[in-house]
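Heads up: the sequence lines are chains A and B, in that order.
Residue 122 is where the first sequence starts when you use our numbering, and the numbers rise one by one after that.
Residue 2 is where the second sequence starts when you use our numbering, and the numbers rise one by one after that.
Ideal Cβ placement from N, Cα and C applies to all residues, glycine included.
Predicted model only: the values in this text are computed from it and were never measured.
See below for the structure under consideration.
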Amino acid sequence: AQSVSQHNHHVILSEAASLELGCNYSYGGTVNLFWYVQYPGQHLQLLLKYFSGDPLVKGIKGFEAEFIKSKFSFNLRKPSVQWSDTAEYFCAVTRGSGGYQKVTFGIGTKLQVIP
Amino acid sequence: GAGVSQTPSNKVTEKGKYVELRCDPISGHTALYWYRQSLGQGPEFLIYFQGTGAADDSGLPNDRFFAVRPEGSVSTLKIQRTERGDSAVYLCASSLVTGETQYFGPGTRLLVL
Chain A
122 AQSVSQHNHH VILSEAASLE LGCNYSYGGT VNLFWYVQYP GQHLQLLLKY
172 FSGDPLVKGI KGFEAEFIKS KFSFNLRKPS VQWSDTAEYF CAVTRGSGGY
222 QKVTFGIGTK LQVIP
Chain B
2 GAGVSQTPSN KVTEKGKYVE LRCDPISGHT ALYWYRQSLG QGPEFLIYFQ
52 GTGAADDSGL PNDRFFAVRP EGSVSTLKIQ RTERGDSAVY LCASSLVTGE
102 TQYFGPGTRL LVL
């Protein structure tokens, strides 16, 4: 069974600091990778996704993530965080063989940005 | 509607009671998913519908949980004989076609006393 590990469960940063949230998955085959974000009081929203092609993926609001197949990782990055980035971030993975595949989510990382 | 909607937004019930949670997916989305999110955890898959049929119900924890999607649009998650351990946020998501990006609703927060 596939699994997703998010190592940082709670991160506190000051505004303008750089962000990197770790995500590792256990499945050895082709994968599709996602980062979802949940702002306070709002529902889960897709931040970015990787299906194939360029392993450096650009998402909304200045976020990016890099797929490193050899490390089974899909870390989320942002060069300079804002207070409005305070939210919970979830990494997710499906097997990439096409058609329906069950989505497995990580436990989530709560990011708190201090003004 | 513009997004996935779920009703009720909150449900408080007593142990042993029956509850129904409703999901209205984005119009035209053929795939529908139910997840459960317990406190401090990520969403956990429960069941997936393609059209009217449950294509994968391997995530349902036991036979107290059942879901339907009779007309291929709205879905209802049904929980019989609720237990305190069923307390969680129940999330619904839909996608245009199977395998594509899932769009999530706001969830129903269920509290079993």
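Chain B beta carbons: is any one of them nearer than 7 Å to that of residue i?
i	result
G227(A)	yes
L165(A)	yes
F211(A)	yes
K223(A)	yes
List the endpoints of the continuous beta strand (DSSP E) containing residue i.
i	result
W204(A)	From DSSP, W204(A) is part of no beta strand (DSSP E); its letter is neither H nor E.
K18(B)	It is not in any beta strand (DSSP E) - K18(B) carries neither H nor E in the DSSP assignment.
V132(A)	131-135
C93(B)	89-96
K179(A)	177-179
T31(B)	Where T31(B) is concerned, there is no enclosing beta strand (DSSP E), given that its DSSP letter is neither H nor E.
Just checking: is the beta-carbon of residue i within a distance shorter than 7 Å of some beta-carbon in chain A?
i	result
T102(B)	yes
P62(B)	no
F105(B)	yes
F50(B)	no
Determine, using beta carbons only, whether residue i and residue j come nearer to each other than 7 Å.
i	j	result
Q123(A)	T207(A)	no
E187(A)	K179(A)	no
Y49(B)	Y34(B)	yes
Y238(A)	V158(A)	Because residue 238(A) is not part of the residues shown, which for chain A are 122 to 236, the question remains open.
List, in chain order, every chain B residue whose beta-carbon is nearer than 8 Å to that of residue i.
i	result
K199(A)	Per Cβ cutoff of 8 Å: no residues; K199(A) is ~20 Å from chain B at best.
K170(A)	T102
Residue i touches chain A at which residues, Cβ-Cβ below 9 Å?
i	result
D25(B)	Ordered by position in chain A, no residue passes the 9 Å Cβ test against D25(B), which lies about 13 Å from the chain.
G108(B)	H164, L165
Below 8 Å on the Cβ atoms is my guess for residue i versus residue j; work out the distance and round it to an integer in Å.
i	j	result
R37(B)	L47(B)	6 Å
K12(B)	T109(B)	6 Å
H131(A)	K199(A)	Not quite, the Cβ-Cβ distance comes to about 17 Å (not below 8 Å), so this is no contact.
F274(A)	S147(A)	Only positions 122 to 236 of chain A appear in this structure, which leaves residue 274(A) out of reach.
Heavy atom of the ligand NAP less than 6 Å from the Cβ of residue i, yes or no?
i	result
D25(B)	You won't find the ligand NAP in this model; it holds no ligand whatsoever.
Kindly list, in the order they appear in chain A, the residues whose Cβ is closer than 8 Å to that of residue i.
i	result
Q42(B)	I228, G229
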